[in-house]
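Counting with UniProt numbering, you get residues 1 to 952 for the letters of the sequence shown. Contents: one structure, followed by commentary.
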Amino acid sequence: MERRYKALPIHIHLSTVIILVVVIVSGVQIYLSNNGLNTLIKDANDKLFSRVASETRYKLDSYYHSAFLALGTFAKSQVAHSNVAQERELALAGIVHLLDEHPHVSSFSFYYPNGDFYSVMQVKSDKVRQFFGIDERTRYIETHEINEITTITGLDSSLNKVDEFELDKKLLVQHHDDFADAKLDANIISVPFVLPALKELGLTAYRKNSFGTIISINVSLKDLEKTLASTLTAPSSIRALYTDSGSIYAASDRDLLDTETNGRAMKVADLSQSVLSYAIGQHQRINTIETFNFNGEQWFGKVVPLAPHNNEPINLLMATKAADLFDSGVVIKQQTLYGSLLVLLITLPFIYGVSRYVAQPIRRATQKAQDIERFRFSFEPQKPSYIKEIQELTEAQASTQLTIKQFISLTNNIARKENVDDILSLVCQDIAKAVNAQGAFLYLLDEETNCAIPKCLWWEEENDDSSNEIFQQPIPLTSQSPFVQRVFVQKEAHIFKLSDIAFFASTQVANQDAQFICYPLIDRTGDVIGSFAVMYHQGDVQKLHDKYAHYLKTLLGFTSVTIETLNMYDAQKALLESFIQVFAGSLDKKSPYTGHHCQRVPVITEWLTQAADESKLAPFNDFSLNTKEWEELRIASWLHDCGKITTPEHIVDKATKLECIYNRIHEIRMRFEVLKRDKRLESYAEAFGELPNEAEQKLSHVLTQIDEDFQFIAELNVGGEFVSDDDLERLNTIAKSNWTRTLSKRSGTAWVEQQRFSGEEITPQEESLLADLPEHIVPWETNPPIDERFSMKPPQYQANLGELYNLSIRRGTLTDEDRFIINDHIIQTIRILESLPFPQHLKDVARIAGGHHEKIDGTGYPMGLKGEDMPLTAKIIAVADVFEALTSTDRPYKKAKTLKEAIKIMSFMAKEGHLDQDVFELFLTSGVYQRFAESYMLPEQLDEVDVSSYVA
């Protein structure tokens, strides 16, 4: 019987090892942390004290040294030698300037040998004003004592006198005896004392000049207190400046200093029972951090000498309670201890997690298999396993997933591509890489030439340009080469050597051992539409063929169907585009007056849009069209006037005012002829034979007048000039002439026209030569539909053929009814295009095409849109439409404008808000106008245009 050993689970072994490691590491870490942290904190505090000493030394020098220099300046000034008050006051402005420049200097004083003195004190705050009980405007207090007569004056900021008042001069100046130790041309600095007015520690600096005058300044030490307080790093921290003799200059805690006694000097002895005085007494060593105990607590302290004071150094004491310094250290120690305990507590769950980790690769492999089954692919890198079998399983599954992922990714990419060339490039590279091939090429069948056309060539080291040139040669399917026979005729995959492929044999893109696996591309009907080949430089190609045959067959089958579908899609797009262009050309042929308008506007639109796309200047710097948007714009520009198919030709072609289906001027001419005959017959009837000379002259005059009246009517009919009020009056006068009609005007008319006649017809009947008759009114057959989107509203009648009504048109040849019918073409354009089932990427065709008659200022039609509501492409078509219309030479009702005339007119339209100013300027600066003119306009229309005069 096999002996069974008692074994513990792996998580027990792991837990034991990890617990031991954690305990050892935590113990060592705690020990090292305690020792290192103490040293680190002490060193850090020592560096902090040194930095604070440097800052304090700098402040001490910068605050007071410059002020002391002023003593030497005033010692040699006139004010220090004068006995006259007026001369002393000449230095007032300079003293005030120094007081303003040095806020810590409270006063300047001059003590003269004869007992006089002169002093200027700065009043810094309302607290000082309240102390002295002086006016709130007082900024300076000027004190004179001459011959024991003291004058105290308050001055404002402009040194104007505010008031004179009586004050205790002891609060303002010191006694001469206080400066008994003054030296000639040497500054003496007093011990610190409480400045009476400011209730702050300060000191006096003074010196004697050669005249015997004592010059002194009172300096506040408040800034030093602030400097010391700003360096505190803990609540218990203290700072103090003092001399070896025990004089206190400043302390970080003002509560320790008694400032209520005026003029009193501050000594270390005054700080009894305070940690500050104790620390000063304990620290005798200089520049060394030491520890001391006060009230049972440990402190760190350091003394640093800063500057000599009357040959006695000034010391800076810095001290901080040790507990404050080590607070963070205690926290770190506690965190280390608690962290170690926490690690110990989580050890067992961690071991459980490690055991689960060992099983994770197997679980991941199972999950991966389930994901592959559901076509869910995760592209996260696989975690390695130290178990060989599990690692091999993981690698095999990763390879399987990669193969399927490549297949699906490639088919998805192929399905999303719209361009055949992009698909072929993708097929060549991605499929070759997926099957570890070193190269690939692809041919497609051209049914018209019955040749295999090269479409794509790729290999890993593509560096031979000549190979691409040779690859451009098509292969006739009548060739008896093995490649053609095997792939295109027998429709089977085959392995070829390098010598079997003439193209590769003549280039250096492959080594002599290279082989190719060529596959036919077969469409839905089973016909071969091309060939795809992968190239291998070395290895067992047959084995690779067997490995990848099913994969490639499936993928290439999908590719073949996709190529076939896209070819059909491209053919349908070409058919649609050709139909649109034929339709637009038919619109141009419908009327000789529109010429090639629908064919030329797209040309200008394309050129101008390309210029906007390439422009780097605002507002076109963000404008760009993709392939689908270009297709949408092309269709919109070709169909921008498709609504004209609904516009009656006689209105489109209306070259004169009376023109309808025919030019009714011929009918009116006949009336004038009849009128002339009537007048002649009347004359003959009166004479009963041959007319006498007088009657003949009268008749000739009448006939001449009738001729002139008809010529006036004929010229009025052309509509070339503006019709004035005088013209209308003459028209109405001519119209009142009568002629006799004896035949029915209803006979021979269509039933539609007969419906417009009313009442009983009586013949013969006298009628006006020109008239607006009821039968001239053409009502709407059906009420036009009302669409609230459109600002254009239909007139009351469909047409008004009244002769006077039409001849009275002020400008041009169109009535309001005609104008509506003409403008209605844009509404019909929108309705026609909206009724067509365009795909989603062409959904804005109607909006773009239907907006080229809108104006930037909102006065256009059919919707009255403003510039911000119009797409930029519609603004571009509007410019193209106007320019082509102005320069067109095939419109007989108007003379074509020259290039300069057209640009000038368009500039006015842009300024008046009809055309977009930015698009118009781009039209000029890009040179599109010149390019179109040279291509489509007559030589006599080409004149010079000064673009700079139209561009801002």
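We treat Cβ as the ideally placed atom computed from N, Cα and C, and that holds for glycine.
{"Asked": "Would you identify the three-state DSSP class for Leu221, choosing helix, strand or coil?", "Found": "coil"}
{"Asked": "Quick check on this structure: which residue in Ser744, Leu770, Thr742 and Val702 has the alpha carbon closest to the alpha carbon of Ala714?", "Found": "Leu770"}
{"Asked": "If you measure between the beta carbons of residue 999 and Phe441, is that distance less than 8 Å?", "Found": "Residue 999 is absent from the structure shown; the chain starts at 1 and stops at 952."}
{"Asked": "Return the CA-CA distance between Tyr112 and Phe179, expressed in angstroms with no decimal places.", "Found": "12 Å"}
{"Asked": "May I have the straight-line CA-CA distance separating Glu934 from Leu942, to the nearest angstrom?", "Found": "8 Å"}
{"Asked": "Taking only the alpha-carbon atoms, compute the straight-line gap between Ile876 and Phe932 and give it to the nearest angstrom.", "Found": "15 Å"}
{"Asked": "I need the straight-line Cα distance from Phe620 to Ile580, nearest angstrom please.", "Found": "29 Å"}
{"Asked": "Among Pro794, Asn293 and Cys428, which residue has its Cα nearest to the Cα of Asn783?", "Found": "Pro794"}
{"Asked": "Report yes if the C-beta distance between Val528 and Phe488 is below 8 Å; otherwise report no.", "Found": "yes"}
{"Asked": "When you compare the CB positions of Ser157 and Arg139, do they come within less than 8 Å of one another, or not?", "Found": "yes"}
{"Asked": "Based on DSSP bridge pairs, tell me the residues matched to Ser54.", "Found": "In DSSP, Ser54 forms no bridge with anything."}
{"Asked": "Counting C-beta neighbours from all protein chains within 10 Å, is the total for Tyr438 16 or more, i.e. buried, or is it exposed?", "Found": "Sequence inspection shows Gln at residue 438; the Tyr mentioned does not correspond to that position. Answer is buried; the Cβ neighbour count reaches 16."}
{"Asked": "Among residues of its own chain, excluding the 5 on either side of Lys679, which ones have a beta-carbon nearer than 6 Å to its beta-carbon?", "Found": "Val702"}
{"Asked": "Rounding to the nearest angstrom, what Cα-Cα distance links Phe49 and Trp299 in this structure?", "Found": "14 Å"}
{"Asked": "If Trp458 sits next to Gln480, beta carbons under 8 Å apart, how far is it from one beta carbon to the other, in whole angstroms?", "Found": "About 28 Å separates the two Cβ atoms, so there is no contact after all."}
{"Asked": "Tell me, please, which residues DSSP counts as bridged to Asp446.", "Found": "Cys451"}
{"Asked": "DSSP three-state label for Phe579, please.", "Found": "helix"}
{"Asked": "Let me check one thing: in DSSP terms, what residues is Ala533 bridge-paired to?", "Found": "Phe441 and Cys518"}
{"Asked": "Let me check one thing: in DSSP terms, what residues is Ser926 bridge-paired to?", "Found": "Answer is none; Ser926 lacks a bridge partner."}
{"Asked": "What runs of the alpha helix (DSSP H), each 4 residues or longer, lie entirely inside the segment 702-756?", "Found": "725-735 and 751-754"}
{"Asked": "Among the residues of its own chain, which have a CB less than 7 Å from the CB of Asp946, if the five just before and after it don't count?", "Found": "none"}
{"Asked": "Is the beta carbon of Glu73 less than 8 Å from the beta carbon of Leu228?", "Found": "Before going further, note that residue 73 is Thr rather than Glu in the sequence given. No, the Cβ-Cβ distance between Thr73 and Leu228 is not below 8 Å."}
{"Asked": "Could you give the distance in angstroms between the alpha-carbon of Ser700 and the alpha-carbon of Asn693?", "Found": "10 Å"}
{"Asked": "Can you list the beta strand (DSSP E) stretches of 3 or more residues lying completely in the segment 750-819, in chain order?", "Found": "765-768"}
{"Asked": "With DSSP run on the structure shown, which of helix, strand or coil describes Lys843?", "Found": "coil"}
{"Asked": "Under 8 Å, do Leu639 and Leu833 count as touching if we go by C-beta distance?", "Found": "yes"}
{"Asked": "When you compare the CB positions of residue 953 and Asp324, do they come within less than 8 Å of one another, or not?", "Found": "For the chain, the structure presents residues 1 to 952; residue 953 sits outside this window and is missing."}
{"Asked": "Looking only at its own chain, which residues have a Cβ that is under 8 Å from the Cβ of Ser812, when we skip the five neighbours before and after it?", "Found": "One detail in the question is off: residue 812 reads as Gly in this sequence, not Ser. Excluding residues within five positions, the ones whose Cβ falls inside 8 Å are Gly719."}
{"Asked": "Here's the rule: buried if 16 or more other CB atoms are within 10 angstroms of the residue's CB, otherwise exposed. What is Asp464?", "Found": "Note that Asp464 has pLDDT 46, beneath the 50 cutoff, so the model's placement of it is unreliable and the number below is only indicative. Exposed, because fewer than 16 other Cβ atoms sit within 10 Å of the Cβ of Asp464."}
{"Asked": "Just how far apart, CA to CA, sit Tyr206 and Ile188?", "Found": "5 Å"}
{"Asked": "Out of Ser724, Ser210 and Ser190, state which residue places its alpha-carbon closest to the alpha-carbon of Leu201.", "Found": "Ser190"}
{"Asked": "Could you tell me if Met937 is buried or exposed, where buried requires 16 or more neighbouring beta carbons within 10 angstroms of its beta carbon?", "Found": "buried"}
{"Asked": "Using CA coordinates, which residue listed in Arg51, Thr403, Val128 and Asp116 is at the minimum distance from Asn147?", "Found": "Asp116"}
{"Asked": "Classify Pro779: buried if its beta carbon has 16 or more other beta carbons within 10 angstroms, exposed otherwise.", "Found": "exposed"}
{"Asked": "Helix, strand or coil, according to DSSP, for His144 in the structure here?", "Found": "strand"}
{"Asked": "How would you write the range of the alpha helix (DSSP H) that Gln130 sits in, first residue to last?", "Found": "Asp126 to Phe132"}
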